Amino acid sequence: MLVKDELQKLGVKNMIVELGVVEILEEFSEKQRAKFEENLKKAGLELLDDKKSILIEKIKNVVIEMIHYSDELPKVNYSDYISEKLDLNYTYLASIFSEVNGITLQQFIILHKIERVKELLIYDELNLTEIAYKLHYSSVAHLSNQFKRITGLTPTFYKGLKNKRKQNLENL
Numbered sequence: 001m002l003v004k005d006e007l008q009k010l011g012v013k014n015m016i017v018e019l020g021v022v023e024i025l026e027e028f029s030e031k032q033r034a035k036f037e038e039n040l041k042k043a044g045l046e047l048l049d050d051k052k053s054i055l056i057e058k059i060k061n062v063v064i065e066m067i068h069y070s071d072e073l074p075k076v077n078y079s080d081y082i083s084e085k086l087d088l089n090y091t092y093l094a095s096i097f098s099e100v101n102g103i104t105l106q107q108f109i110i111l112h113k114i115e116r117v118k119e120l121l122i123y124d125e126l127n128l129t130e131i132a133y134k135l136h137y138s139s140v141a142h143l144s145n146q147f148k149r150i151t152g153l154t155p156t157f158y159k160g161l162k163n164k165r166k167q168n169l170e171n172l
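Note that the UniProt record's numbering gives residue 5 to position 5 of the sequence shown, counting from 1, and the numbers run on in steps of one.
Encoded structure:
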C-alpha cells in the first residue's frame, strides 16, 4: 500500500501496483520520479528500472510466493512453473539469475524451501513426513539431508532447539 500511496501523493492516478512491480500508465515527470525514488528509499525500498534487475525481482517474487505463500506447491516442475508465470524460457531466466546473484536459481529455491521447512517445524503443526510431502521432497531422508547440508543441523535437532528455548524461558 505504501508504494500506491506515494504515487497518489505525487498525483499519479493511472497505475497498476503488484508485488514488487509498478506500472505507471500516464506521463511521469523526471521530478516526480526523483521524489518517488527518494520516498521509497526513506521507507527502505529501492526503485529498480533496469530490465535485468526488474526481471530478477520478478523471479524472486515468483519463487517466494510459490514456496512461502501458497498452500500447495505447484504439481509441475518448479522450472515449468516459473517459466509459465513469467512467460519466458527457464534456461534464460536461470542464466540471468545466476549472472546477477552469484547463485543458481535452483540454489535460491532450495534455500527458500529450507526456510519454509524451518517455519513449519517451529509452528509444530506438521510432522516431518507431512512437511516433506507438502514441499515435494521425494522422501524424509532427502529433506533431512538437504536441511543438514544447508543449516548444519538435522530437522529434529532444529525443532528441539525451539523446545529448549521455551524451557529456558520458563525457568527464568
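By construction, the Cβ of each residue, glycine as well, lies at the ideal position given by its N, Cα and C atoms.
If you're wondering where the values come from, they're calculated on a predicted model, not measured in any experiment.
Would you identify the three-state DSSP class for residue i, choosing helix, strand or coil?
i, result
"residue 22", "strand"
"residue 5", "helix"
"residue 132", "helix"
"residue 103", "coil"
"residue 256", "Since the first and last residues shown for the chain are 1 and 172, residue 256 lies out of range."
"residue 95", "helix"
"residue 43", "coil"
"residue 163", "helix"
"residue 125", "coil"
"residue 174", "The structure shown does not extend to residue 174, since the chain spans only 1 to 172, so no value can be given for it."
For the alpha helix (DSSP H) holding residue i, just list the boundary residues, first then last.
i, result
"residue 13", "Segment: none, residue 13 is in no alpha helix (DSSP H) and carries neither H nor E."
"residue 75", "Looking at the DSSP string, residue 75 is not in any alpha helix (DSSP H), and its letter there is neither H nor E."
"residue 55", "51 to 68"
"residue 144", "140 to 151"
Quick check: the Cα distance between residue i and residue j, rounded to an integer number of angstroms?
i, j, result
"residue 27", "residue 12", "9 Å"
"residue 47", "residue 102", "21 Å"
"residue 117", "residue 93", "25 Å"
"residue 161", "residue 154", "11 Å"
"residue 144", "residue 164", "20 Å"
"residue 158", "residue 124", "12 Å"
"residue 32", "residue 137", "48 Å"
"residue 146", "residue 115", "12 Å"
"residue 194", "residue 59", "With the chain represented from 1 up to 172, any question about residue 194 goes unanswered, as that position is not in the structure."
"residue 29", "residue 8", "14 Å"
"residue 5", "residue 16", "12 Å"
"residue 10", "residue 51", "24 Å"
"residue 182", "residue 91", "Outside the displayed span of the chain (1 to 172) sits residue 182, for which this structure offers no information."
"residue 23", "residue 36", "13 Å"
"residue 120", "residue 38", "37 Å"
"residue 151", "residue 81", "27 Å"
"residue 18", "residue 84", "18 Å"
"residue 62", "residue 104", "15 Å"
"residue 129", "residue 135", "10 Å"
"residue 131", "residue 140", "8 Å"
"residue 149", "residue 65", "24 Å"
"residue 109", "residue 14", "34 Å"
"residue 77", "residue 69", "17 Å"
"residue 127", "residue 142", "15 Å"
"residue 88", "residue 79", "11 Å"
Can residue i be considered in contact with the ligand MN, in the sense that its beta carbon sits closer than 8 Å to one or more heavy atoms?
i, result
"residue 144", "Absent from the structure shown: the ligand MN. Ligands present: none."
Inset, instruction - For the segment 63 to 75 and the segment 33 to 49, state whether three or more C-beta atom pairs, one from each stretch, are separated by less than 8 Å. - result: no
Legend entry - Three or more C-beta pairs below 8 Å linking the segment 49 to 60 and the segment 96 to 115: yes
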